[in-house]
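These notes are about the structure you will find just below.
Number of protein chains: 2
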Amino acid sequence: MLKIGEFARLAQVSIKTLRHYDKIDLLVPAHVDESSGYRLYKIDQLTDIMQILALKDCGFTLEEIADIRATNTHDTDTIVTLLSEQIVNQQEVVDAEQARLQRLVARRQQMTTMSNAPQYDFVIKQTEALTLVGQRTHLPEQSDIDKFVRDVLAQLTHQLIVPIGPMVHVYFAVDENGYDLFVGAPVMALPSELDVLTCQRLQAGQTVASVLHHGDYATIQQTGAALADWIVQSGYQYAGHVREIYHRSPAHTSNPEAYLTELQCPISQISNKHDKHHKETK
Amino acid sequence: MLKIGEFARLAQVSIKTLRHYDKIDLLVPAHVDESSGYRLYKIDQLTDIMQILALKDCGFTLEEIADIRATNTHDTDTIVTLLSEQIVNQQEVVDAEQARLQRLVARRQQMTTMSNAPQYDFVIKQTEALTLVGQRTHLPEQSDIDKFVRDVLAQLTHQLIVPIGPMVHVYFAVDENGYDLFVGAPVMALPSELDVLTCQRLQAGQTVASVLHHGDYATIQQTGAALADWIVQSGYQYAGHVREIYHRSPAHTSNPEAYLTELQCPISQISNKHDKHHKETK
DNA sequence: ACTTGACTCTCCTGTTAGGGGAGGCTGTAT
DNA sequence: ATACAGCCTCCCCTAACAGGAGAGTCAAGT
Numbered sequence: 002m003l004k005i006g007e008f009a010r011l012a013q014v015s016i017k018t019l020r021h022y023d024k025i026d027l028l029v030p031a032h033v034d035e036s037s038g039y040r041l042y043k044i045d046q047l048t049d050i051m052q053i054l055a056l057k058d059c060g061f062t063l064e065e066i067a068d069i070r071a072t073n074t075h076d077t078d079t080i081v082t083l084l085s086e087q088i089v090n091q092q093e094v095v096d097a098e099q100a101r102l103q104r105l106v107a108r109r110q111q112m113t114t115m116s117n118a119p120q121y122d123f124v125i126k127q128t129e130a131l132t133l134v135g136q137r138t139h140l141p142e143q144s145d146i147d148k149f150v151r152d153v154l155a156q157l158t159h160q161l162i163v164p165i166g167p168m169v170h171v172y173f174a175v176d177e178n179g180y181d182l183f184v185g186a187p188v189m190a191l192p193s194e195l196d197v198l199t200c201q202r203l204q205a206g207q208t209v210a211s212v213l214h215h216g217d218y219a220t221i222q223q224t225g226a227a228l229a230d231w232i233v234q235s236g237y238q239y240a241g242h243v244r245e246i247y248h249r250s251p252a253h254t255s256n257p258e259a260y261l262t263e264l265q266c267p268i269s270q271i272s273n274k275h276d277k278h279h280k281e282t283k
Numbered sequence: 002m003l004k005i006g007e008f009a010r011l012a013q014v015s016i017k018t019l020r021h022y023d024k025i026d027l028l029v030p031a032h033v034d035e036s037s038g039y040r041l042y043k044i045d046q047l048t049d050i051m052q053i054l055a056l057k058d059c060g061f062t063l064e065e066i067a068d069i070r071a072t073n074t075h076d077t078d079t080i081v082t083l084l085s086e087q088i089v090n091q092q093e094v095v096d097a098e099q100a101r102l103q104r105l106v107a108r109r110q111q112m113t114t115m116s117n118a119p120q121y122d123f124v125i126k127q128t129e130a131l132t133l134v135g136q137r138t139h140l141p142e143q144s145d146i147d148k149f150v151r152d153v154l155a156q157l158t159h160q161l162i163v164p165i166g167p168m169v170h171v172y173f174a175v176d177e178n179g180y181d182l183f184v185g186a187p188v189m190a191l192p193s194e195l196d197v198l199t200c201q202r203l204q205a206g207q208t209v210a211s212v213l214h215h216g217d218y219a220t221i222q223q224t225g226a227a228l229a230d231w232i233v234q235s236g237y238q239y240a241g242h243v244r245e246i247y248h249r250s251p252a253h254t255s256n257p258e259a260y261l262t263e264l265q266c267p268i269s270q271i272s273n274k275h276d277k278h279h280k281e282t283k
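For the record, the sequence lines run as chains A and B. Heads up: the first sequence begins at 2 in our numbering, then just goes up one per residue. Heads up: the second sequence begins at 2 in our numbering, then just goes up one per residue.
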């Protein structure tokens, strides 16, 4: 019989840990002296603690380890199943940590190579459902957008539609031919009938990369380009149309420096990390 | 000015999170209504929360984020340094999680391919310093070891050396020529003079892979082989001589089934994973 | 004016796997 | 007898919130 300190030294764990395992009934000492309360372990319990440590090292929680040990008797199938599940979890953890590393590298890259440009903060989030009412059109020049927005606003007012949030633009295509975009406002529910205006629904639960653009719209293209860069560098790919949310626009303030626009681009993961042999094929 | 719920929806964080950030002074609302206590945020604070989220996503703690934001003004060098440090940390995290995954896979492998063999629990630990007194020799056959151990024990007794723990064998070489091994007992301090016996010191802080062998010594080779397999499969390499610690041996019990022997093999990491990302991080 | 329901507030507890320390008992060696 | 190492229990602490209790606030509808 070993006192807790000797047992701890053999197993290379702390005394606190052993007492903790005793408390949660994960590893109860073979004997506890009634008068002194001293915990006494048998050498055989080295087997137990080593199993616990091995499983802990595999990423199981102490509770899971207790469960595994409870159903341990010759039931290898169950345990193999548990291990397989854990392998899947662990693979997700590895992927997530690797993606995190990639984002860090992308961020440093951005700071070093564009140190005199504005610094952006890119964030990945899930969208909520949004019902937009507005109009889609094709415009040859960026400068045409402003007037179109005013037209849409006028229509909304005319049809007594009350927006519940800032205007949103959805860009379906931006190329040498101009802009194919939708301009609309979020509404509580879709009006039963619409004249001239159309409806555009944004689904809930989409994963988007988001960034804020400060100030006047002359430089918004740069922000969009930075977002595109970041998406690629962080190992994602486009999965939808970019939209802009005009949190603070000429409708709210006359000071262009105070304009605040959010750019959102739906994305999805490029999950080729599992193909270890086809790494970085770009 | 936005109420906490609106702001939370915009930033896609929970209200709890915002209140928490307020409490730790990471992101204080622009205004707090004196009578109601309602937190009111400005749209501009979207910038702040997005920076916080971006940094959190990079793996910084909230405290580190607060520090970064405190020294944020134009001091890109400092921030790049912090990012570089974090990249190193994160690389370690990725490596550790990948190693964990590898151990999981090795464990499942062991269970599926050797389902009727005994299941071992391999553990990695750091050794403590140990001073051994005993004898090194070369023996042609495994069966010779037993007698040699008894000789060493007799010498120890004769020289009035009191072991403070179980006997230890260190195997310097095991091949077709036989066994080159040291057999000794741990002592408190090195005796000033030794006759016949020699001293063997085991350093502290060595990383070893450890496994327990139950029962009689006929099958100890299999346990050793399983340990060797596991070391390789888990991505480590040998870094020293295997030793065996006879926690419960014929000296303690006459029942061979109760024998308990720990095998320890010093190991080191095969760190070629860093080379893979070396280009990207440099 | 009243009520309803949605929203917000503070305060408390719980999560993981133990670490740190206070204050007190035990066991052994000198 | 006394020192000193080792052990005990009990309580508080971690990071980043989540859940819930109980109470106050706000705008709309009756």
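Ideal Cβ placement from N, Cα and C applies to all residues, glycine included.
Between which two residues does the beta strand (DSSP E) holding GLY6 of chain A run? Counting along the chain, no beta strand (DSSP E) covers GLY6 of chain A; the unbroken alpha helix (DSSP H) around it starts and ends at 5-12.
Own chain residues within Cβ distance below 8 Å of GLY6 of chain A, not counting five before or after: ILE16
Please decide whether LYS277 of chain A counts as near chain B, where near means a Cβ-Cβ distance under 8 Å. Unreliable positioning characterises LYS277 of chain A in this predicted model, as indicated by a pLDDT of 45, which lies under 50. The coordinate reading is nonetheless provided below. By this cut-off, LYS277 of chain A is not an interface position.
Interface residues of chain A around SER269 of chain B at Cβ under 8 Å? What SER269 of chain B touches in chain A: nothing, since even the nearest Cβ is about 17 Å away.
Which one of A:TRP231, A:ARG101, A:ASN256 has the shortest CA to CA distance from VAL212 of chain A? A:TRP231
Report, in whole angstroms, the separation of the C-beta atoms of GLN201 of chain A and LEU133 of chain A, which I expect to be a contact under 8 Å. 4 Å
Which residue wins for smallest C-alpha separation from ILE246 of chain B, given the options B:GLU86, B:LEU131, B:ASP152? B:LEU131
For ILE88 of chain B, go through chain A and note every residue whose CB falls closer than 8 Å to its CB, in chain order. LEU102, LEU105, VAL106, ARG109
HIS214 of chain A CB to nearest chain B CB: under 8 Å? No, because no Cβ of chain B sits closer than 8 Å to the Cβ of HIS214 of chain A.
Should GLU129 of chain B be flagged as near chain A, meaning a C-beta pair shorter than 8 Å? yes
Between ALA259 of chain B and the rest of its own chain, which residues show a CB-CB distance below 7 Å, the 5 nearest in sequence each way excluded? ARG249
Would ASP23 of chain A and ARG40 of chain A qualify as a contact pair, given that the criterion is a beta-carbon distance under 8 Å? yes
Can you look up ALA71 of chain B in the DSSP assignment and give me helix, strand or coil? helix
Since PRO267 of chain B and GLY241 of chain B should fall inside the 8 Å C-beta cutoff, what is the C-beta to C-beta distance between them, to a whole number of angstroms? 3 Å
Give the interface partners of ILE25 of chain B over in chain A, defined as CB-CB distance under 9 Å, in chain order. Going along chain A, no residue has its Cβ under 9 Å from ILE25 of chain B, so there is no contact; the nearest lies around 19 Å.
Proximity below 8 Å, CB of VAL197 of chain A to CB of GLY185 of chain A: Against a cut-off of 8 Å, the Cβ pair of GLY185 of chain A and VAL197 of chain A comes out as no contact.
Whole angstroms are fine: how far does the CA of LEU228 of chain A sit from the CA of ASP45 of chain B? 19 Å
For a quick check, are the C-beta atoms of ILE50 of chain A and VAL14 of chain A less than 8 Å apart? Yes, the Cβ-Cβ distance between ILE50 of chain A and VAL14 of chain A is below 8 Å.
Near ASP181 of chain B, which residues of its chain fall below 7 Å by C-beta distance, leaving aside the five closest residues on each side in sequence? HIS139, PHE173, ALA174
Per-residue contacts from CYS266 of chain A into chain B (C-beta, under 8 Å): Going along chain B, no residue has its Cβ under 8 Å from CYS266 of chain A, so there is no contact; the nearest lies around 15 Å.
Any chain B beta carbon closer than 8 Å to ARG249 of chain A: With 8 Å as the cut-off, ARG249 of chain A counts as an interface residue toward chain B.
Short CB-CB distance (under 8 Å) between LEU54 of chain B and chain A: yes
Nearest CA to the CA of THR220 of chain B: which residue from B:SER36, B:GLY38, B:PRO119, B:ILE53? B:PRO119
So for LEU47 of chain A, helix, strand or coil by DSSP? helix
Under 6 Å Cβ to Cβ from VAL33 of chain B, same chain only, skipping five residues before and after it: list those, please. So the qualifying residues of the chain are ARG40.
Give me the Cβ distance between ARG244 of chain A and CYS59 of chain B, rounded to the nearest whole Å; I'm assuming they're in contact under 8 Å. No, ARG244 of chain A and CYS59 of chain B are not in contact; Cβ-Cβ is about 25 Å, not under 8 Å.
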